[in-house]
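Participant: Numbering of the sequence shown is given in the numbering used here, commencing with residue 83 and proceeding in unit increments. For every residue, glycine included, the Cβ atom is placed at its ideal position computed from N, Cα and C. Because the structure is a prediction, the values reported are computed rather than measured.
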Amino acid sequence: MSATEITDLSAAEAPLLVTEIPGPEAAARIERDRRVTSPSLPRAYPFVPRRGSGSVVEDVDGNLFLDLNAGIAVASTGHAHPKVVEAIKRQAESLIHYSASDFYLPIYAEVCEQLDRISPMSGPTRAFLTNSGTEAVEGALKLARYHTGRQYVIAMIGSFHGRSYGSVSLTASKVKYRANFGPMLPGVFHTYFGDFEHIESVLFQHLVAPHEVAAIVVEPILGEGGYVPPPEGWFPYLRELCDRHGILLVADEVQSGMGRTGMMWAIQHFGVEPDILLAGKGIASGMPLGAFVAREDLMTWEVGAHGSTYAGNPLSCAAALATIELIEGGLMDNATAVGRALMDGLRGLQARHEIIREVRGLGLMIGIEFPSHDVASAVEQTAFHKGLLVLGCGERAIRMSPPLVFREDQARTALALFEEAVADVERGT
Ligand code: PLP
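1. Restricting to runs no shorter than 3 residues, where is the beta strand (DSSP E) found entirely within the stretch 378–419?
2. Tell me whether Gly-205, by its Cβ, gets closer than 6 Å to a heavy atom of the ligand PLP.
3. I'd like the list of long-range same chain contacts for Ser-201, defined as Cβ closer than 7 Å, with 5 residues on each side in sequence excluded.
4. Helix or strand or just coil, what does DSSP make of Met-482?
5. So is the beta-carbon of Ser-283 under 6 Å away from any non-hydrogen atom of the ligand PLP?
6. Check whether the Cβ of His-272 sits closer than 6 Å to any heavy atom of the ligand PLP, and report yes or no.
7. Quick check: does the Cβ of Glu-220 come within less than 6 Å of any heavy atom belonging to the ligand PLP?
8. In whole angstroms, give me the CA-to-CA distance for Ile-103 and Leu-146.
9. Using a threshold of 6 Å, is the CB atom of Phe-242 nearer than that to any non-hydrogen atom of the ligand PLP?
10. Could you tell me whether the stretch 212–231 touches the stretch 372–392, using the rule of 3 or more Cβ pairs below 8 Å?
11. Between Trp-316 and the rest of its own chain, which residues show a CB-CB distance below 6 Å, the 5 nearest in sequence each way excluded?
12. Got a sec? Which residues, its chain only, sit under 7 Å from Phe-242 by beta carbon, not counting five neighbours each side?
13. Exposed or buried, Tyr-186, counting other C-beta atoms within 10 Å across all chains shown (16 or more means buried)?
14. Could you tell me the boundaries of the alpha helix (DSSP H) in which Val-118 lies?
15. Any heavy atom of the ligand PLP closer than 6 Å to the beta-carbon of Glu-301?
16. Just to confirm before moving on: does the CB-CB distance between Gly-445 and Arg-326 stay below 7 Å?
17. For Ile-178, does the count of other Cβ atoms within 10 angstroms reach 16, so buried, or fall short, so exposed?
18. Please give the ranges of any beta strand (DSSP E) in the stretch 451–500, keeping only runs that are unbroken, at least 3 residues long and fully inside the region.
19. Under 6 Å: does the beta carbon of Asp-64 sit that close to some heavy atom of the ligand PLP?
20. Please determine whether the Cβ atom of Thr-405 lies at a distance below 6 Å from any heavy atom of the ligand PLP.
21. Identify every residue that forms a DSSP beta bridge with Glu-440.
22. By how many angstroms is the C-alpha of Ala-182 removed from the C-alpha of Ala-393?
23. Is Ser-214 near the ligand PLP, with its Cβ less than 6 Å from a heavy atom?
24. Tell me His-161's beta-bridge partners as DSSP assigns them.
25. Excluding sequence positions up to five away, which residues of its chain have a Cβ less than 8 Å from the Cβ of Tyr-190?
26. Look at the Cβ atom of Pro-485, then the Cβ atom of Ala-152, and state whether they are nearer than 7 Å.
27. Mind checking whether the beta-carbon of Gly-305 lies closer than 6 Å to any heavy atom of the ligand PLP?
28. Could you tell me which of Glu-440, Glu-436, Met-203 sits nearest to Asp-426, measuring between CA atoms?
29. Quick check: the Cα distance between Asn-213 and Gly-134, rounded to an integer number of angstroms?
30. What are the boundary residues of the beta strand (DSSP E) that Arg-208 is part of?
31. Helix, strand or coil for Val-375? Go by DSSP, reduced to three states.
32. Can you give the Cα-Cα distance for Ser-367 and Val-166, rounded to whole angstroms?
33. Excluding sequence positions up to five away, which residues of its chain have a Cβ less than 6 Å from the Cβ of Leu-99?
34. Would you tell me roughly how many angstroms separate the C-alpha atoms of Val-299 and Arg-442, rounded to the nearest one?
35. Check for me: the beta strand (DSSP E) holding Leu-187 runs from which residue to which?
36. Looking at C-alpha atoms only, which residue of Thr-391, Ala-361, Pro-124, Ile-303 is the closest neighbour of His-351?
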């Protein structure tokens with residue numbers, strides 16, 4: 083059966099390649115795209131998706147790919163999960179938009195109630211919904227400055243927080259995100275992810291007084307910067323440091339949250355509560371939504387201090403409610419189980435292939451380190467031509483962040499294809 087005749091993509095044997103890659107339709111689409119889109123868009127490879135279901139995506143030529151990107155950690159419940167689709171449809175038929183900033187949208191408050199319930203903070207919280215991860219970062223920055231009356235912020239080298247001015251000022255994963263855009267937001271200092279000394283012995287001694295620091299903003303697991311978990315004890319150390327100096331600990335869980343690591347929030351693996359939590363990406367299965375969730379006592383800003391026309395729109399909220407139910411209803415556990423199988427398999431590959439330097443991660447957030455950027459990139463491209471979608475991160479790593487519906491049989495297929503790609507690159511083919 084050709085891919086285009088398959089109606090239930092999620093159950094299809096994937097990958098299934100029926101043309102050269104990219105196929106003729108993909109090549110034509112790319113040509114059209116290149117004439118009119120911003121050249122800043124960082125396209126990883128010539129993949130042109132048409133439809134998706136579960137962890138399978140069909141391209142415009144009818145080729146089926148096994149998706150370990152999930153649209154960059156966004157399609158948490160899989161592509162087009164029927165319950166999410168149904169929730170969006172139902173909501174679209176009753177109300178597509180009314181600004182939740184200026185009026186009272188019941189579904190907006192319902193999402194905030196759910197975030198309060200599932201947040202990693204033990205006390206009550208309040209949430210502000212956004213359209214994206216970067217807006218969640220901006221809002222948290224503003225709130226931290228507003229509430230503390232302090233101007234300075236500390237972020238991590240290797241971190242990614244987005245591309246608007248506040249968030250890109252925190253971002254320090256790759257210089258290209260900052261080059262030619264300066265000056266950045268003033269008042270941002272950077273330290274090293276996982277370092278137990280630099281903040282106190284360098285920043286606090288030479289550059290900024292701790293009582294002037296509003297927040298430390300940190301990803302519990304570095305995302306775009308390489309899928310790097312922190313060393314043992316580092317989050318408790320940061321928590322204690324923040325408590326000692328009245329600094330807010332802001333956990334950016336835009337990529338690591340929503341069940342991806344096998345717990346709702348990655349920071350829960352480290353036994354620490356943040357003061358402000360940032361969510362995005364997988365929160366609404368692909369509908370644009372983000373959030374910053376703060377301890378109730380921090381939300382001291384006055385009426386009008388922050389708002390947004392579209393943010394927390396009803397369609398995204400409906401998708402988020404369905405998504406949270408699905409993640410709690412089994413997908414988080416699936417991330418643990420299938421993540422373990424994938425990780426074990428990758429460790430086996432590491433034992434057989436010298437170019438795999440490290441395999442790391444939690445749940446379905448897995449990074450594989452190679453000797454150089456060129457090798458990682460060659461593996462990524464070769465995997466694509468075999469029908470396996472993975473994406474580079476950090477300087478020389480590949481990330482695997484499949485939908486949380488990813489199955490063990492799909493993990494086995496992915497491992498076999500990934501090993502073929504690694505072996506091809508090793509042989510120089
Ligand atoms: N924070 C983290 C940890 C991210 O990984 C990203 C995006 O990759 C962002 C923030 C920015 O999110 P968005 O692209 O939705 O603005």
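Facilitator: From the atom records:
1. List check, beta strand (DSSP E) in window: nothing returned.
2. Gly-205 Cβ: outside cutoff for every heavy atom of the ligand PLP.
3. Leaving aside the five residues that flank Ser-201 on each side, the residues in its chain whose CB is nearer than 7 Å to its CB run, in chain order, Thr-207, Leu-359, Val-375.
4. Of the three classes helix, strand and coil, the one that applies to Met-482 here is strand, per DSSP.
5. Set against 6 Å, the gap from the CB of Ser-283 to the closest heavy atom of the ligand PLP is not smaller.
6. Checking the 6 Å criterion, the Cβ of His-272 is out of range of every heavy atom belonging to the ligand PLP.
7. For Glu-220, the distance from the CB to the nearest heavy atom of the ligand PLP is not below 6 Å.
8. Those two C-alpha atoms are separated by around 11 Å.
9. Answer for Phe-242: yes, Cβ within range of the ligand PLP.
10. Here the stretch 212–231 lies against the stretch 372–392, with 3 or more beta-carbon pairs under 8 Å apart.
11. Beyond the five residues adjoining it in sequence on each side, Trp-316 comes within less than 6 Å, by CB distance, of Gly-276 in the same chain, given in chain order.
12. Closer than 7 Å at the Cβ level, and outside the excluded window around Phe-242, lie Thr-253, Ser-255, Gly-305, Glu-306, Gly-307.
13. With a 10 Å radius around the Cβ and a threshold of 16 neighbouring Cβ atoms, Tyr-186 comes out exposed.
14. Run containing Val-118: 106–118, per the alpha helix (DSSP H) assignment.
15. Flag set: Cβ of Glu-301 near the ligand PLP.
16. Taking a C-beta distance under 7 Å as the contact criterion, Gly-445 and Arg-326 do not qualify as a contact pair.
17. Flag for Ile-178 reads exposed.
18. With a minimum length of 3 residues, the unbroken runs of beta strand (DSSP E) contained wholly in the stretch 451–500 fall at 473–475, 479–482.
19. The structure shown does not extend to residue 64, since the chain spans only 83 to 511, so no value can be given for it.
20. No, the Cβ of Thr-405 stays beyond 6 Å of every heavy atom of the ligand PLP.
21. Per DSSP, Glu-451.
22. Rounded to whole angstroms, Ala-393 to Ala-182 spans 7 Å at the Cα level.
23. Ser-214 Cβ: within cutoff of the ligand PLP.
24. Per DSSP, the beta bridge partners of His-161 are Gly-136.
25. Excluding its 5 nearest sequence neighbours in each direction, Tyr-190 has C-beta neighbours in its own chain below 8 Å: Ala-182, Leu-211, Gly-394, Pro-396, Cys-399, listed in chain order.
26. Yes, the pair counts as a contact, with Cβ atoms nearer than the cut-off.
27. Answer for Gly-305: yes, Cβ within range of the ligand PLP.
28. Among Glu-440, Glu-436, Met-203, the Cα nearest to that of Asp-426 belongs to Glu-440.
29. So the alpha carbons of these two residues sit roughly 23 Å apart.
30. It spans 207–212 - the beta strand (DSSP E) in which Arg-208 sits, taken as one unbroken run.
31. Strand at Val-375.
32. Each residue's alpha carbon lies about 8 Å from the other.
33. The residues are Asn-145, Gly-469.
34. Taking the straight line from one Cα to the other gives about 22 Å.
35. If you look at Leu-187, you'll find it isn't in any beta strand (DSSP E); DSSP assigns it neither H nor E.
36. It is Ile-303.
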